[in-house]
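There are 2 protein chains.
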Amino acid sequence: MKTLSIKDIAVEAGVSITTVSFIINGKARDKSISEAVIKKVEKIIAESGYKPNQIARSLRTGNSNIIGLIIEDISNSFFSRIARLIEDKAYKKGYKIIYSSTENNVEKAKELINMFKSRKVDGYIISPIKGLEEDIQQLLTDSKPVILFDRSLPGLDTNYVGADHFKATYESVESFIKQGRKKISLVTTDIDVQQITERLDGYKKALVDYGITYDENLVLKVYFNQEESETRAQMEKLFSNVETDAVLFATNYLAISGLKVLKQTKIKIGKNLSVIAYDDHEVFELHTPGISAVQQPLEEIAEAIIQLILRQLSSKTKLDNEQIVFSAKIIQR
Amino acid sequence: MKTLSIKDIAVEAGVSITTVSFIINGKARDKSISEAVIKKVEKIIAESGYKPNQIARSLRTGNSNIIGLIIEDISNSFFSRIARLIEDKAYKKGYKIIYSSTENNVEKAKELINMFKSRKVDGYIISPIKGLEEDIQQLLTDSKPVILFDRSLPGLDTNYVGADHFKATYESVESFIKQGRKKISLVTTDIDVQQITERLDGYKKALVDYGITYDENLVLKVYFNQEESETRAQMEKLFSNVETDAVLFATNYLAISGLKVLKQTKIKIGKNLSVIAYDDHEVFELHTPGISAVQQPLEEIAEAIIQLILRQLSSKTKLDNEQIVFSAKIIQR
DNA sequence: CTGAAAGCGCTTACAG
DNA sequence: CTGAAAGCGCTTACAG
Numbered sequence: 001m002k003t004l005s006i007k008d009i010a011v012e013a014g015v016s017i018t019t020v021s022f023i024i025n026g027k028a029r030d031k032s033i034s035e036a037v038i039k040k041v042e043k044i045i046a047e048s049g050y051k052p053n054q055i056a057r058s059l060r061t062g063n064s065n066i067i068g069l070i071i072e073d074i075s076n077s078f079f080s081r082i083a084r085l086i087e088d089k090a091y092k093k094g095y096k097i098i099y100s101s102t103e104n105n106v107e108k109a110k111e112l113i114n115m116f117k118s119r120k121v122d123g124y125i126i127s128p129i130k131g132l133e134e135d136i137q138q139l140l141t142d143s144k145p146v147i148l149f150d151r152s153l154p155g156l157d158t159n160y161v162g163a164d165h166f167k168a169t170y171e172s173v174e175s176f177i178k179q180g181r182k183k184i185s186l187v188t189t190d191i192d193v194q195q196i197t198e199r200l201d202g203y204k205k206a207l208v209d210y211g212i213t214y215d216e217n218l219v220l221k222v223y224f225n226q227e228e229s230e231t232r233a234q235m236e237k238l239f240s241n242v243e244t245d246a247v248l249f250a251t252n253y254l255a256i257s258g259l260k261v262l263k264q265t266k267i268k269i270g271k272n273l274s275v276i277a278y279d280d281h282e283v284f285e286l287h288t289p290g291i292s293a294v295q296q297p298l299e300e301i302a303e304a305i306i307q308l309i310l311r312q313l314s315s316k317t318k319l320d321n322e323q324i325v326f327s328a329k330i331i332q333r
Numbered sequence: 001m002k003t004l005s006i007k008d009i010a011v012e013a014g015v016s017i018t019t020v021s022f023i024i025n026g027k028a029r030d031k032s033i034s035e036a037v038i039k040k041v042e043k044i045i046a047e048s049g050y051k052p053n054q055i056a057r058s059l060r061t062g063n064s065n066i067i068g069l070i071i072e073d074i075s076n077s078f079f080s081r082i083a084r085l086i087e088d089k090a091y092k093k094g095y096k097i098i099y100s101s102t103e104n105n106v107e108k109a110k111e112l113i114n115m116f117k118s119r120k121v122d123g124y125i126i127s128p129i130k131g132l133e134e135d136i137q138q139l140l141t142d143s144k145p146v147i148l149f150d151r152s153l154p155g156l157d158t159n160y161v162g163a164d165h166f167k168a169t170y171e172s173v174e175s176f177i178k179q180g181r182k183k184i185s186l187v188t189t190d191i192d193v194q195q196i197t198e199r200l201d202g203y204k205k206a207l208v209d210y211g212i213t214y215d216e217n218l219v220l221k222v223y224f225n226q227e228e229s230e231t232r233a234q235m236e237k238l239f240s241n242v243e244t245d246a247v248l249f250a251t252n253y254l255a256i257s258g259l260k261v262l263k264q265t266k267i268k269i270g271k272n273l274s275v276i277a278y279d280d281h282e283v284f285e286l287h288t289p290g291i292s293a294v295q296q297p298l299e300e301i302a303e304a305i306i307q308l309i310l311r312q313l314s315s316k317t318k319l320d321n322e323q324i325v326f327s328a329k330i331i332q333r
């Protein structure tokens with residue numbers, strides 16, 4: 001069975017394809033098509049199961065009702081949850097989401113943007129990485145709606161939705177200090193993105209404010225692409241060599257690796273060592289003992305992103321950029 | 001800056017768009033375009049940053065180099081990991097993946113298939129649900145490559161890649177019995193999909209084979225869409241009312257809810273109660289004590305799926321359908 | 001060795 | 001109240 005085209009419908013209804021097109025697109029009343037014709041054509045469409053070819057429509061109109069979502073890694077629960085929420089919300093407004101992971105690889109990210117461009121997506125939601133500045137600037141120059149989230153990119157004037165990472169790590173360290181901890185370690189990654197440096201800055205600032213000198217030896221920067229075994233070895237070293245009494249993990253996957261390491265040692269979490277993980281995860285609630293975590297308001301973040309992009313998509317004029325920053329909560333367990 | 005078209009390149013190079021098209025598509029040698037022209041055109045393309053409009057290409061050729069992936073829920077780690085693996089592998093072969101979640105909602109799933117159809121995706125990878133039989137049959141009739149995974153749909157003759165769920169739960173129960181457990185409970189969902197019923201069947205058969213009578217009261221079927229609090233209440237009842245000494249969870253999210261419930265009780269996992277979870281999850285490794293889990297070979301499943309679909313995409317003739325079933329492993333912790 | 005032209009399936013300015 | 005026709009940016013059979 002060949003798929004139907006608008007022409008088939010027009011022929012069957014005995015009208016022009018123009019008329020059919022107006023009806024499909026809800027412009028029939030505008031164009032004062034007679035009720036009788038509308039009814040007849042709608043009936044034929046419903047009975048035949050005809051669906052307009054979106055490719056042809058996109059080629060003609062230049063847009064697609066698709067929003068491109070570019071994230072770091074779909075298998076990280078922070079991103080998969082955000083993706084799911086955004087997908088749900090966009091879907092209700094008639095937009096589809098296509099998403100893909102950059103894996104912090106600039107080349108892959110550029111290709112993704114190009115792919116989305118050549119597919120004529122209507123807007124972009126991007127969790128960006130360094131090296132993408134030009135490509136994103138180009139999208140802005142082409143006046144495509146762009147929302148950055150989780151982290152922004154210095155030097156780009158865009159919409160942004162995220163959490164206050166600085167404040168969250170500041171308060172995490174503060175809570176360690178109030179528990180009487182002195183040797184507070186930070187395990188983070190080497191990737192040079194804003195939300196990671198903010199987390200480091202919050203950590204440093206809190207130490208200084210509470211009169212603790214910043215000690216480089218207490219900070220472990222893990223390479224993003226290294227094997228987990230290597231990461232574990234580095235953590236083992238960190239935990240054994242110094243009398244660390246608290247550790248803040250800057251990402252949930254680092255915290256998970258860290259907990260695996262700690263499980264092998266005699267270190268008692270909560271007793272010898274306080275732990276906070278950045279970005280909550282089911283592991284932390286179920287862990288014995290429970291692991292405290294920084295919880296970003298995922299639902300609110302997703303909602304803000306989708307509201308922002310929808311507003312831009314439906315606006316004819318260029319809107320002012322907005323920066324929306326939510327506070328993260330520390331869940332004490 | 002207007003985006004460039006093939007015409008712009010042709011004008012600039014002083015050749016026809018036909019020639020440019022041949023060069024872009026690597027048919028230049030075939031069509032015996034002179035080396036000089038090839039060089040010149042390639043240079044202009046590289047310098048201008050021209051990218052062919054994929055929409056126009058799709059409209060013309062009828063395909064898109066896109067594979068549609070339809071899964072149950074991207075925020076479930078089983079699916080997000082599979083998605084990530086498939087994405088990686090497809091990407092290396094020049095295919096892009098677009099994916100979306102059905103949430104076990106037939107209407108949404110049908111719409112997704114329609115959306116993918118109207119976007120002219122080249123092939124479909126689907127983790128199906130009941131009620132999709134006709135839509136999938138239609139894809140097959142249109143001779144689109146379709147790979148079902150995780151579960152097949154009775155009555156459809158398609159390619160399928162999955163794990164032997166029956167065997168996995170059979171062996172799980174067997175391992176309980178060998179530990180001396182007698183009152184073995186199953187917590188599963190009410191969704192009527194093949195991989196879930198197979199898990200129930202394996203459970204039943206193992207009991208029978210070992211001379212234990214099947215007791216309905218030991219089986220809890222949780223509604224897919226119910227609140228987690230409700231699920232927890234049901235589990236509490238199950239765990240308290242009977243002298244259950246082992247529990248097999250048919251999905252990882254049920255196991256996670258169950259562990260939360262058990263954490264509140266004085267039941268000692270491993271001592272009073274043996275636990276196995278279906279589909280591994282980071283939670284289980286880190287849990288104290290470790291939770292045994294059925295581990296499907298994700299990497300092999302993803303590889304098989306992608307091999308199958310690529311073979312079909314590149315074949316001119318209709319290939320025989322293949323059913324590939326992997327054994328799952330029980331990880332004892 | 002290369003090009004003119006048809007056509008993929010739509011939308012829309014224009015005409016009547 | 002309705003339709004003929006141009007055009008979105010490609011690919012490819014055909015012709016020379």
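Going line by line, the protein sequences match chains P and L.
Counted the way the working numbering counts, the first sequence spans residues 1 to 333.
Counted the way the working numbering counts, the second sequence spans residues 1 to 333.
For each residue, glycine too, the CB sits at the ideal point set by N, CA and C.
If you're wondering where the values come from, they're calculated on a predicted model, not measured in any experiment.
CB of residue i within 8 Å of CB of residue j, strictly
i, j, result
"L/Thr-188", "L/Arg-199", "yes"
"L/Asp-340", "L/Gln-264", "The question about residue 340 of chain L has no answer here: the residues shown for chain L are numbered 1 through 333."
"L/Ile-82", "L/Ala-302", "yes"
"P/Val-283", "L/Val-20", "no"
"P/Ile-129", "P/Ile-305", "no"
"P/Lys-268", "P/Arg-232", "no"
"L/Ile-136", "L/Ser-101", "no"
"P/Ser-257", "P/Glu-236", "no"
"L/Lys-245", "L/Asn-272", "Sequence inspection shows Asp at residue 245 of chain L; the Lys mentioned does not correspond to that position. Yes, Cβ-Cβ distance for L/Asp-245 and L/Asn-272 is below 8 Å."
"L/Asp-201", "L/Phe-224", "no"
"P/Ser-274", "P/Phe-176", "yes"
"L/Phe-22", "L/Ile-6", "no"
Boundaries (first-last residue) of the beta strand (DSSP E) holding residue i
i, result
"P/Val-161", "159-163"
"P/Ser-292", "292-295"
"L/Tyr-124", "123-126"
"L/Ile-276", "274-278"
"L/Gln-138", "Premise fails: L/Gln-138 lies in the alpha helix (DSSP H), 133-141, not in any beta strand (DSSP E)."
"P/Ser-101", "96-101"
"L/Ala-246", "246-249"
"P/Gln-234", "It is not in any beta strand (DSSP E) - P/Gln-234 instead sits in the alpha helix (DSSP H) that spans 228-241."
Residue range of the alpha helix (DSSP H) that includes residue i
i, result
"P/Ser-257", "252-264"
"P/Phe-22", "17-24"
"L/Leu-220", "From DSSP, L/Leu-220 is part of no alpha helix (DSSP H) but of the beta strand (DSSP E) over 219-222."
"P/Ala-46", "35-48"
"P/Ser-185", "Here P/Ser-185 belongs to no alpha helix (DSSP H); instead the beta strand (DSSP E) covers 184-189."
"P/Gly-202", "194-209"
"P/Lys-108", "106-118"
"P/Ile-301", "298-314"
"L/Ala-56", "54-61"
"P/Ala-13", "6-13"
"L/Ser-77", "77-92"
"P/Lys-179", "The displayed chain sequence assigns Gln, not Lys, to residue 179 of chain P. Run containing P/Gln-179: none; DSSP gives neither H nor E here."
Residue i CB to nearest heavy atom of the ligand NAD below 7 Å
i, result
"L/Asp-164", "Judged by which ligands are present, the structure shown has none, so any question about the ligand NAD falls away."
Exercise for review: Using a Cβ-Cβ cut-off of less than 8 Å, list which residues of the segment 271-287 of chain L approach chain P; keep chain order.
Suggested key: His-281, Glu-282, Val-283, Glu-285, Leu-286, His-287
Practice item. Could you name the residues of the segment 74-93 of chain L whose beta carbon sits closer than 8 Å to any beta carbon of chain P, in the order they occur along the chain? Key: Ile-74, Ser-75, Ser-77, Ser-80, Arg-81, Ala-83, Arg-84, Glu-87, Tyr-91
Review point. What residues in the segment 229-245 of chain L have a beta carbon less than 9 Å from any beta carbon of chain P?
Key: none
**Study point:** Contact set between the segment 214-227 of chain P and chain L, restricted to residues whose Cβ is under 8 Å from the partner
**Key:** none
Review point. Between the segment 117-149 of chain P and chain L, which residues of the former have a C-beta closer than 9 Å to a C-beta of the latter?
Key: Lys-117, Ser-118, Arg-119, Lys-120, Gln-138, Thr-141, Asp-142
**Study point:** Inter-stretch contact at 8 Å, needing at least 3 Cβ pairs: the segment 111-129 of chain P / the segment 60-75 of chain P
**Key:** yes
Point to revise | Proximal residues, the segment 249-262 of chain P versus chain L, C-beta separation under 7 Å | key: Ile-256, Leu-259, Lys-260
Point to revise | Contact residues within the segment 30-53 of chain L, judged by C-beta distance below 9 Å to chain P | key: Lys-51, Pro-52, Asn-53
Point to revise | Residues of the segment 55-66 of chain L whose Cβ lies closer than 7 Å to any Cβ of chain P, in chain order | key: Ile-55, Ala-56, Ser-58, Leu-59
Review point. Using 8 Å as the threshold, is the segment 321-329 of chain L in touch with the segment 154-165 of chain L, meaning 3 or more CB pairs across them?
Key: yes
Review point. What residues in the segment 94-110 of chain L have a beta carbon less than 8 Å from any beta carbon of chain P?
Key: Lys-96, Ile-97, Ile-98, Tyr-99, Ser-100, Ser-101, Lys-108
Point to revise | Cβ contact (3+ pairs, closer than 8 Å) linking the segment 52-60 of chain P and the segment 102-115 of chain P | key: no
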